[in-house]
Structure formats: structure tokens, C-alpha cells
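Below is one structure; the comments refer to it alone.
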Amino acid sequence: MAIKSKRALSSTVRTSYDLYINGQWHSPHASERMECHSPLTQELLTTVPESDDADVDAAVQAASKAQPGWANLSAKKRQAVLEAAADALVAQLEPLALLETANTGKPLRESRANVFTAADRLRYYAGACRVFEGVVVPVTPDITSYGLRQPLGVVGIIGAWNFPLNMFVGKIAPALASGNTVVYKPADTTPVTTLEIAALFGSIFPPGVINVITGSGAGTGAAMVAHPGIRKISITGSTRTGQRVMAAAGATLKRLTLELGGKNAQVVYPDADLDRAAQGILLGAFLNQGQVCTAGSRIYAHASVADALKEKILALVPNLNIGDPFDANTRMGSLSSRAHFDRVSDYIATGVREGGRIICGGHPVRVEQYPKGLFMAPTLFEGVDPQARIAREEIFGPVATFDSWDDEDAMFAQVNAVEQGLAAGVWTGSLTRAHRASRAIQTGRVWVNCYNLYPSGAAFGGSKASGFGREDAFETLLDFTEVKNVIVDASETARGFYA
Ligand code: NAD
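Counting the sequence shown from 1 gives a position; our numbering is that position plus 8.
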């Protein structure tokens, strides 16, 4: 397909959306709407409702009504529905990927990969929900205790803007597989594929099982957290938002999964394969324009290899191909919104003010097809003070720092000095070092000789200020259920306590 027609296809974004509740488009009670702008042209892309309390309640009511029926389906039937949903996603690969790129500015090749990841999550949980087991305790020959694992009920799920498509599908899949129904709110700026997929799934799932409402965090998101009919909130967002949600969730004692921000390190040992490390480090730092919670934005190379590694990294930077995200050769597209672009630009200016030296990038890039696009060159700093803001705060853009070390314990201390603890990369040829570093680094995920891989079944989540709870894995299913203990006395006569 010619690139031009791909762009035309991406303009099939509807000019406005309603909510998706109870298996159909639903006119909002709220009259206010939020505008979503194209990151490529800054033009108005679409508008979505700023859902109010009544809209949140309508979604919760629909989900509550649907929940017993959905939970009472056999796991085999739920498996079949989830697999059908995965097939439907893959069948719509191209239109969905185009919409995702139009709304986020990310390269089309990444949007396509995101559709496959999303479909794989559905397939993984479709199978996993068949293998739930409960513990049976034979208390006496007559008395048996067993654990009945049951869904929580209605769960509220709130997404971030950086991977809207596979975040929606990946987060709802375990909730649905374990028999819950869902009220989902996408991020304010990137709701398009979530709403389209909700409608696509409308003919696959029973009405009310998946409900999508839109709106701001402070309004709609907070109303979800406060709603007494929602039993759990699973949210992906910044650490600040996680703190707010956790404080508010106490009022209704909601369970929580908090997938929050990161300030992640990539550590290079002297025995690393430097060519492989250089490629992996770039992928770690600049995938999705660095707008990844796990972005490996602090590079620590052993002093004996630091110069050689830096040279290899700088030699690869031109291959990152910043440009039209709809072009198959593009590896870096546009940042996601004007506000975020300004924030990243501020961080770069702050890094310079704080004494950091820019060794590549540090400036916007003009892309001919999209003169108003938000393209930022991949940026590397060196000589950054560990106390500088760019060394401690999540930038969430294509900005990384390069540093060297010679004492392993001091390096671990520096890696762990940030408040967050999401992910890390370790590049080494030694298994001993790989295991030692993996134990010493305080994060929920460590990649060894790879980066930014998210296979289904591998538990993903943070520690420290990066949150808690694990996603993408079997234990996620458990987090969406609770165990009811049942004790059965099968003896023929009463126990006679009061006889
Ligand atoms: P954000 O915290 O601003 O918003 C995330 C979501 O929470 C949005 O839908 C927003 O509307 C909602 N929200 C905001 N305040 C709320 C409140 N008080 N109550 C309820 N909902 C509220 O984050 P963002 O800018 O959309 O995304 C970027 C952040 O997400 C980064 O910090 C990034 O690291 C993090 N993130 C984490 C992961 C992970 O898996 N750990 C993955 C992707 C992104």
C-alpha cells in the first residue's frame, strides 16, 4: 500500500466519540467534551466526553448487571470468547495500527507490533484461565476445607497514553479471563483505539462485560476510584497519580495494582558484547521516542569500555531514522502531545543548565511531511551530576544520560539511588555477574543482554515508587480474584455442641 493512502486511512478517526457502555455507543450525560489533537499536525483529531459521575455510574451499573452471567460461564467458554477477540484484533491489524499511529505519533511498525502483543495477551489469558486450582484440606475424614477462587466483581482500569492499544487489551484480558467485568478509562489524549476496539469487541463479548468511558484523571478517573461499586483499580500512570489513587482508594477499601513510572538504569560490564549492548541500549532508551515506563535512560558503562561503547552508540544513532511515522523505515516518530514535547524540551534545557554535556541530539527535528510534528532528536548527556534533575526524574522522552563506573558496589548504590524501581538492563558475558547484578538492583524487572522484551507469562511490575502488583503473568489472574474458603462437614450426625 502506498504511504499516501495509509495516511488517508489514518484520517478515518471519527470526528467525535460517545462512550461505549453495555455493548453499544452511549450518549453521555455530561455535556463537556475533551479535544484530542493530532501530534503530527496539531489539528483537532476528535473529541470525547468528559464523563461525569452519572456516566461513571452508568458504566458501573452495566458492568454489575453483566458480571454474574460472565462469571458463571465455564472457563472453556470464556477462553473461546477471548480467543475470538484475539482473532478479531489481528484481522483489523492495519486499520488499528494506523489509528494508533495517527493518535500517538509512534512509528507504524511499532503500532503493528503492539496489535500482535495485545492479541497474544488475550490468547495467554484465554489458556491460563483454564488452569485455576484451589487448595483442598482434608481436616478430618468428615470435614473438608477448600478454596473457591472467585472474581472480584466490577473492576476499574485506567490507562496511560504511551501504549494505548496494547495497554487496554493487556490490562482487561486477565480481569475478564478471571470472570470480572470492566469499566476502562483510557488516557485523556489517546482514547481512539481503545474506543474502536471496545466497539469491535461489542459483537464478541456479552453486553456490559467491557465498558469504556473517557475523561480526565481528576474528574472521571477520580470518580471511578471513589465509586463504591468498583472493587479494584488497576492503573498505569505516573508515581504522583499512583499516590493520589492510593490515598483515595482507602475510602472504599479498593484493591490496587499500581504500574507507575521508572528511572531505569542500563549497566554495562567490561566483558559485555559491546556491539550487542550498543544496539540494546538504543532500543532501551529510545523505543517509542523514550516514552516508555521502562526506558533505560541511565547508562552506566564500566570505565574500561565506556569510550568504545559510546563510540558504537553514537555510530548507530543515525539508524534511528526520525521521520514520518507512517513510513516503514521510520524508527522514531513524533512525541505524543504538545504539552509533553514542551516538558521534554524543558528537561533538556535543565540538563544543560545543571552542567550536563550533550553528546548527541538535544534539539527538535523538522520532518518535511509534518512541519508541526513534535519530533525530538535522540539525546544523550554525559558529565551529569547524580543530583541533577535529569539524573533523578523520569523524563519519559528520548533523553538519556551516559556515565561510567569502576567500583561495582558504588555503581549498584548509584543505580538504586532513585526513588523508583521499575526495570534495569545488565549487559555482561558472565553469568555470575548477571545473577549478582540481578539480585543487587532494586527493580521489579531485570533484563540481561536484552531490553524492553515483554513476553506473556513474564511477571511485570515495579517496586519502590514504581508501584506494586504484577501484570502479564499468571499471578495477575490471581490478583483479580479472591479466595473464598468453604468448610463442609459431611458427617451423618450433628456435632452436638449444645446437646
Ligand atoms: P498520568 O499519571 O498523568 O495518567 C495516567 C492515567 O491516570 C490517565 O488515564 C489519567 O487520566 C489518570 N489519572 C490521573 N490522575 C488521576 C486520579 N487522581 N485518579 C484517577 N485517575 C487519574 O500518566 P500519563 O502521563 O498518562 O502516563 C505517563 C506515566 O505513566 C509515566 O510516569 C510512565 O512511567 C507511566 N507508565 C507506567 C507503566 C508501567 O507499566 N509501570 C507503563 C506505561 C506508563
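Where a beta carbon is used, it is the ideal one built from N, C-alpha and C, also for glycine.
Note that this is a predicted model, so its numbers are computed, not measured.
Query raised in the report: If you run the structure through DSSP and keep just helix, strand and coil, what is Ala303?
Result: In the sequence shown, residue 303 corresponds to position 295, counting from 1. Under the three-state reduction of DSSP, Ala303 is assigned to coil, being neither helix nor strand.
**Report entry** With 16 other Cβ atoms within 10 Å as the buried cut-off, status of Ile495
**Finding:** Looking up residue 495 in the sequence shown gives position 487. Classification for Ile495: exposed.
Report task. Note the first and the last residue of the continuous beta strand (DSSP E) segment covering Ala356. Result -> Counting from 1 along the sequence shown, the entry for residue 356 is found at position 348. Residue identity differs from the one stated: residue 356 is Ile in this sequence, not Ala. For Ile356, there is no enclosing beta strand (DSSP E); the residue is part of the alpha helix (DSSP H) that begins and ends at 346–361.
Query raised in the report: Going by the C-beta, is Ala230 closer than 8 Å to any heavy atom of the ligand NAD?
Result: Locating residue 230 in the sequence shown gives position 222, counting from the first residue. Relative to the ligand NAD, the beta carbon of Ala230 is positioned inside 8 Å of a heavy atom.
**Report entry** Residue range of the beta strand (DSSP E) that includes Tyr154
**Finding:** On the sequence shown, residue 154 is found 146 positions in, with the first residue counted as 1. From DSSP, the beta strand (DSSP E) with Tyr154 extends over 151–159.
Query raised in the report: Does DSSP classify Ala385 as helix, strand or coil?
Result: Taking the first residue of the sequence shown as 1, we reach residue 385 at position 377. Shown here, Ala385 sits in coil according to DSSP, grouped into three states, outside any helix or strand.
Requested in this report: Note down the Cα distance separating His443 from Trp455, rounded to an integer number of angstroms.
Outcome: Within the sequence shown, residue 443 is the residue found at index 435, counting from 1. Within the sequence shown, residue 455 is the residue found at index 447, counting from 1. Straight-line spacing of the CA atoms in His443 and Trp455 works out to 11 Å.
Report task. From the DSSP output, in three-state form, read off Ile495 for me. Result -> As a position in the sequence shown, residue 495 is number 487, starting the count at 1. In the displayed model, Ile495 falls within a strand according to three-state DSSP.
Requested in this report: Return yes when at least one heavy atom of the ligand NAD lies under 8 Å from the C-beta of Trp515, else no.
Outcome: Because the chain spans 9 through 507 in this model, residue 515 falls outside it and cannot be assessed.
Query raised in the report: Would you call Pro394 buried or exposed, if buried means 16 or more other Cβ atoms sit within 10 Å of its Cβ?
Result: What you label residue 394 is simply residue 386 of the sequence shown in a count that begins at 1. It counts as exposed.
Query raised in the report: For Phe176, does the three-state DSSP call read helix, strand or coil?
Result: On the sequence shown, residue 176 is found 168 positions in, with the first residue counted as 1. The DSSP-derived three-state label of Phe176 is helix.
Query raised in the report: When we look at the beta-carbon of Lys318 and count the other beta-carbons within 10 Å, is it buried (16 or more) or exposed?
Result: Counting from one through the sequence shown, the residue named residue 318 turns up at place 310. For Lys318, the number of other beta carbons within 10 angstroms of its own is at least 16, and it is reported as buried.
Query raised in the report: Taking C-alpha atoms, which residue in Ala502, Leu97, Tyr462, Phe176 lies nearest to Asn219?
Result: As a working mapping, residue 219 is identified with position 211 in the sequence shown. Of Ala502, Leu97, Tyr462, Phe176, the residue nearest in Cα terms is Phe176.
Requested in this report: Taking only the alpha-carbon atoms, compute the straight-line gap between Phe140 and Lys492 and give it to the nearest angstrom.
Outcome: Numbered from its first residue, the sequence shown carries residue 140 at position 132. Numbered from its first residue, the sequence shown carries residue 492 at position 484. So the two alpha carbons sit approximately 14 Å from each other.
Query raised in the report: What are the boundary residues of the beta strand (DSSP E) that Gln450 is part of?
Result: As a first step, residue 450 must be located in the sequence shown, where it is residue number 442. Per DSSP, Gln450 is not a residue of any beta strand (DSSP E), being assigned neither H nor E.
Requested in this report: Compare the C-alpha of Asp60 against each of Ala38, Gly270, Ala79 and name the closest.
Outcome: Counting from 1 along the sequence shown, the entry for residue 60 is found at position 52. Of Ala38, Gly270, Ala79, the smallest CA-CA separation from Asp60 is found for Ala38.
Query raised in the report: Between Asp283 and the rest of its own chain, which residues show a CB-CB distance below 7 Å, the 5 nearest in sequence each way excluded?
Result: Indexing the sequence shown from 1 puts residue 283 at position 275. When the five nearest sequence neighbours on each side are left out, the beta carbons in the same chain lying within less than 7 Å of the beta carbon of Asp283 are those of Lys320, in order along the chain.
Query raised in the report: Is there contact here, the region 153–170 with the region 304–316, by at least three beta-carbon pairs under 8 Å?
Result: The region 153–170, when compared against the region 304–316, does not touch it at the 8 Å Cβ threshold.
Requested in this report: Over the uninterrupted beta strand (DSSP E) stretch that includes Tyr378, give me the two end residues.
Outcome: Here residue 378 refers to the residue found at position 370 of the sequence shown. No beta strand (DSSP E) holds Tyr378; DSSP gives it neither H nor E.
**Report entry** Touch test, the region 273–288 against the region 256–264, Cβ-Cβ under 8 Å, three pairs minimum
**Finding:** The region 273–288, when compared against the region 256–264, does not touch it at the 8 Å Cβ threshold.
Report task. Apply the 10 Å Cβ neighbour rule to Lys85 and answer buried if 16 or more other Cβ atoms are within range, or exposed otherwise. Result -> The residue labelled residue 85 in the question sits at position 77 within the sequence shown. Exposed.
Query - Counted within 10 angstroms of its Cβ, other Cβ atoms place Phe383 as buried (16 or more) or exposed - result: Here the question's residue 383 lines up with position 375 in the sequence shown. The residue is buried, with at least 16 neighbouring Cβ atoms inside 10 Å.
Requested in this report: Return the CA-CA distance between Thr197 and Pro57, expressed in angstroms with no decimal places.
Outcome: On the sequence shown, residue 197 is found 189 positions in, with the first residue counted as 1. On the sequence shown, residue 57 is found 49 positions in, with the first residue counted as 1. Rounded to the nearest angstrom, the two C-alpha atoms are 12 Å apart.
**Report entry** Residues near Ile449 in its chain [Cβ-Cβ closer than 8 Å; skip 5 each side]
**Finding:** Stepping through the sequence shown from its first residue, residue 449 is reached at position 441. Setting aside the 5 residues that flank it on each side, Ile449 is surrounded in the same chain by Ala273, Val275, Phe420, Val423, Asn424, Ala432, Val434, each with a C-beta closer than 8 Å to its C-beta; the list follows chain order.
Query raised in the report: In terms of residues, what are the limits of the alpha helix (DSSP H) holding Ile330?
Result: Here residue 330 corresponds to residue number 322 of the sequence shown, with the count starting at 1. For Ile330, no alpha helix (DSSP H) segment is defined, and its DSSP state is neither H nor E.
Requested in this report: Return helix, strand or coil for Gln251, following the three-state DSSP convention.
Outcome: Here residue 251 refers to the residue found at position 243 of the sequence shown. Three-state result, Gln251: helix.
Query raised in the report: Is the CB-CB distance between Ala71 and Val233 below 9 Å?
Result: The sequence position of residue 71 within the sequence shown is 63, counting from 1. The sequence position of residue 233 within the sequence shown is 225, counting from 1. Result no, Cβ atoms of Ala71 and Val233 do not sit closer than 9 Å.
Query raised in the report: Comparing the CB of Lys193 with every heavy atom of the ligand NAD, is any distance shorter than 8 Å?
Result: In the sequence shown, residue 193 corresponds to position 185, counting from 1. Between the ligand NAD and the CB of Lys193, the shortest heavy atom gap is smaller than 8 Å.
Requested in this report: Would you decide whether Phe505 is buried or exposed? Buried here means 16 or more other CB atoms lie within 10 Å of its CB.
Outcome: Taking the sequence shown and counting its residues from 1, one reaches residue 505 at position 497. It is exposed - the Cβ of Phe505 has fewer than 16 other Cβ atoms within 10 Å.
Report task. Could you check what DSSP says for Asp472 in three-state terms: helix, strand or coil? Result -> Numbered from 1 along the sequence shown, position 464 holds the residue referred to as residue 472. The sequence shown places Lys at residue 472, not Asp. Strand at Lys472.
Query raised in the report: Does DSSP classify Val200 as helix, strand or coil?
Result: Within the sequence shown, residue 200 is the residue found at index 192, counting from 1. Helix, per DSSP.
**Report entry** Collapsed DSSP secondary structure at Thr125 in the structure displayed
**Finding:** Stepping through the sequence shown from its first residue, residue 125 is reached at position 117. The DSSP-derived three-state label of Thr125 is helix.
**Report entry** Leu264 - containing beta strand (DSSP E), residue span
**Finding:** Within the sequence shown, the letter at position 256 stands for residue 264. Counting along the chain, the unbroken beta strand (DSSP E) around Leu264 starts and ends at 263–267.
Query - Three-state secondary structure assigned by DSSP to Val68 - result: The residue you call residue 68 lines up with position 60 of the sequence shown. Annotated three-state conformation of Val68 is helix, per DSSP.
Report task. Find the nearest neighbour of Leu322 within the set Pro236, Lys240, Pro386, judged by alpha-carbon distance. Result -> Working through the sequence shown from its first residue, we reach residue 322 at position 314. The shortest C-alpha separation from Leu322 is found at Pro386.
Query raised in the report: Does DSSP put Pro76 in a helix, a strand or coil?
Result: The sequence position of residue 76 within the sequence shown is 68, counting from 1. Under the three-state reduction of DSSP, Pro76 is assigned to helix.
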